[in-house]
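Colleague: Here it is: the structure, laid out below.
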Amino acid sequence: MTVEIDIRASLSEQFAVQSARLKELTEINADTGDPAQAHDRDAMLAATRQSLEQITGALGRIADGTYGRCERCEKPIPPERLEILPHAKLCVPCQR
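In this note's numbering, the protein residues as written are -7 to 88.
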């Protein structure tokens, strides 16, 4: 249970960091005139949004009691995997 509390706290912290990053990226003037910079900004925005979706999903699974269970085979996801990848939805065999 304490691992889940630690993971929830870590995910909440990551959510705050990524939310601030998203706000910062969206406030950057999109019309830089440099296509390469615009492309990089768009890529960073997409990655940040994806990260927020993953974090939100993990927090939702914690809230509904399904966190730590593989969505495909329903077996427990090893705690070591969740510590490394807290938003993991699948165990390693199902991820392959």
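Ideal Cβ placement from N, Cα and C applies to all residues, glycine included. Since we're looking at a predicted model, the values are computed, not measured.
Between Ala38 and Pro85, what straight-line distance do the alpha-carbon atoms span, to the nearest angstrom?
Modeller: 27 Å
Colleague: Taking only three categories from DSSP, how would you classify Arg13?
Modeller: helix
Colleague: Since Pro78 and Leu17 are thought to touch, with beta carbons under 8 Å apart, how far apart are those beta carbons, to the nearest angstrom?
Modeller: 23 Å between Cβ atoms; not a contact.
Colleague: To the nearest angstrom, how far is the alpha carbon of Glu72 from that of Val9?
Modeller: 23 Å
Colleague: Looking only at DSSP bridge pairs, what is Pro68 linked to?
Modeller: Arg61
Colleague: Suppose you measure from the CA of Gly60 to the CA of Asp26; what does that come to, to the nearest Å?
Modeller: 44 Å
Colleague: Let me know if Ala28 comes out buried or exposed under the rule of 16 or more other beta-carbons within 10 Å of its beta-carbon.
Modeller: It counts as exposed.
Colleague: Only counting the same chain, and skipping five residues up and downstream in sequence, which positions put a Cβ closer than 8 Å to that of Arg41?
Modeller: Leu14
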